[in-house]
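Here's the structure we're looking at; comments come further down.
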Amino acid sequence: MRARVFVMLKPSVFDPQGTTVADALHTLGYASVTGVRQGKYFELDIDADTADDARRIASEAADKLLANPVIESYRIDIETTAAAKR
Amino acid sequence: MKFAVIVFPGSNCDHDAYHAVRHVLGQDAAFVWHKETSLGGADVVVLPGGFAHGDYLRTGAIARFSPIMREVQQFAGRGGPVLGICNGFQVLLEAGLLPGAMLRNRSVRFQCEHVFVKVEQTDTPFTNACRPGQILRLPIAHGEGNYYAEPDVIDRLEKNRQVVFRYTSAEGAVTPDANPNGSAANIAGICSDGRNVVGLMPHPERACELALGSTDGYVVLESAVNAVTHGMAVAAR
Numbered sequence: 472m473r474a475r476v477f478v479m480l481k482p483s484v485f486d487p488q489g490t491t492v493a494d495a496l497h498t499l500g501y502a503s504v505t506g507v508r509q510g511k512y513f514e515l516d517i518d519a520d521t522a523d524d525a526r527r528i529a530s531e532a533a534d535k536l537l538a539n540p541v542i543e544s545y546r547i548d549i550e551t552t553a554a555a556k557r
Numbered sequence: 359m360k361f362a363v364i365v366f367p368g369s370n371c372d373h374d375a376y377h378a379v380r381h382v383l384g385q386d387a388a389f390v391w392h393k394e395t396s397l398g399g400a401d402v403v404v405l406p407g408g409f410a411h412g413d414y415l416r417t418g419a420i421a422r423f424s425p426i427m428r429e430v431q432q433f434a435g436r437g438g439p440v441l442g443i444c445n446g447f448q449v450l451l452e453a454g455l456l457p458g459a460m461l462r463n464r465s466v467r468f469q470c471e472h473v474f475v476k477v478e479q480t481d482t483p484f485t486n487a488c489r490p491g492q493i494l495r496l497p498i499a500h501g502e503g504n505y506y507a508e509p510d511v512i513d514r515l516e517k518n519r520q521v522v523f524r525y526t527s528a529e530g531a532v533t534p535d536a537n538p539n540g541s542a543a544n545i546a547g548i549c550s551d552g553r554n555v556v557g558l559m560p561h562p563e564r565a566c567e568l569a570l571g572s573t574d575g576y577v578v579l580e581s582a583v584n585a586v587t588h589g590m591a592v593a594a595r
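Protein sequence lines correspond, in order, to chains A and B. Quick note: the first sequence uses my numbering, first residue 472, plus one each step. Quick note: the second sequence uses my numbering, first residue 359, plus one each step.
Below, the structure is given as structure tokens:
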């Protein structure tokens, strides 16, 4: 089973990298891009019987290591298709 | 008295700290590899600057799980003096020994320069030899020194006098221009509730000899000697 973990800076936290990327996009002419936030994305292959188990393990991993709760929040998607079990 | 300098894979100011303690301060110093499970009877623990574990994931995020950190936690819990410099400060934040977190510098640049910091608290093991309000000229070298904590945490730090070092002008004015990285409230260094754990982004150990451009950092290490000699840290042994 595969857990996709998306870690983002909390909305209240200023993101200097995202702002810099937004500036670069504006330089390229993408005036319609009004904001960029940069985060991290993890794919965890997990040996688990159920999606709930996989989610629990991924959530623990995110709490302990993948995200810093002071500045970041995360979201988890569980993928249970055959492709994810390879 | 003996200083333990913790060495993580990727630490690169470990020798600077060792040199400053041993050859400038004239105290005993020992490197302690991060896989060790003993601090070897040290009186003071220094977490040096560098890029522990390549700064992978987040600065200090992997290092906090090194075996030696359990000992550092216990040593700090007993009131032992712990100094985190630059990456060492980042490790202390990730380990929860100090509150807050580091963000990328507001400039999105690696800032490598000399800055001025004001010593706001002199009742810590690393500032007791300073004059209150003393201005130190110290080098910084970091990409992620933009100190962040929720506003209520910042309020608590201010109220409890835990902001130990603040970025200022040469005259001691707290201005945006004097802030090299965007840190909340110009915070350059803080201490724990118990005041024995101190973290700062500037490098006092690289400013202990005239040949290095400043001797202002010497007083930080000298303070640790005072603290141990005069019993402030005896309980930790």
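For each residue, glycine too, the CB sits at the ideal point set by N, CA and C.
Query: Please identify the residue among V449(B), V555(B) and T526(B) whose C-alpha is closest to the C-alpha of R436(B).; Result: V555(B)
Query: Along chain A, which residues have their Cβ under 7 Å away from the Cβ of R416(B)?; Result: N539
Query: Does the stretch 439 to 458 of chain B come into contact with the stretch 543 to 563 of chain B, if we say contact requires no fewer than three beta-carbon pairs (one atom in each stretch) closer than 8 Å?; Result: yes
Query: Just to confirm before moving on: does the CB-CB distance between D516(A) and R473(A) stay below 7 Å?; Result: yes
Query: Counting only C-beta atoms, is R509(A) closer than 7 Å to chain B at any point?; Result: Position check: residue 509(A) holds Gln in this sequence, whereas Arg was assumed. False, the Cβ-Cβ gap to chain B never drops below 7 Å.
Query: Using a Cβ cut-off of 7 Å (strictly closer), state whether V466(B) contacts chain A.; Result: yes
Query: Beta carbon of Q448(B), beta carbon of P538(B): below 7 Å?; Result: no
Query: Using only the alpha-carbon positions, how far apart do V390(B) and F433(B) sit?; Result: 14 Å
Query: In chain B, which residues lie with their C-beta within 8 Å of the C-beta of T498(A)?; Result: What T498(A) touches in chain B: nothing, since even the nearest Cβ is about 15 Å away.
Query: Starting from the beta carbon of Y506(B), find every residue of chain A whose beta carbon is closer than 9 Å, and list them in chain order.; Result: V484, F485, V541 and I542
Query: Using a Cβ-Cβ distance cut-off of 7 Å, determine whether T491(A) contacts chain B.; Result: yes
Query: Which residue or residues does DSSP assign as beta-bridge partners of A474(A)?; Result: L515(A) and I549(A)
Query: Using a cut-off of 7 Å between C-beta atoms, extract the partners of N445(B) located in chain A.; Result: What N445(B) touches in chain A: nothing, since even the nearest Cβ is about 15 Å away.
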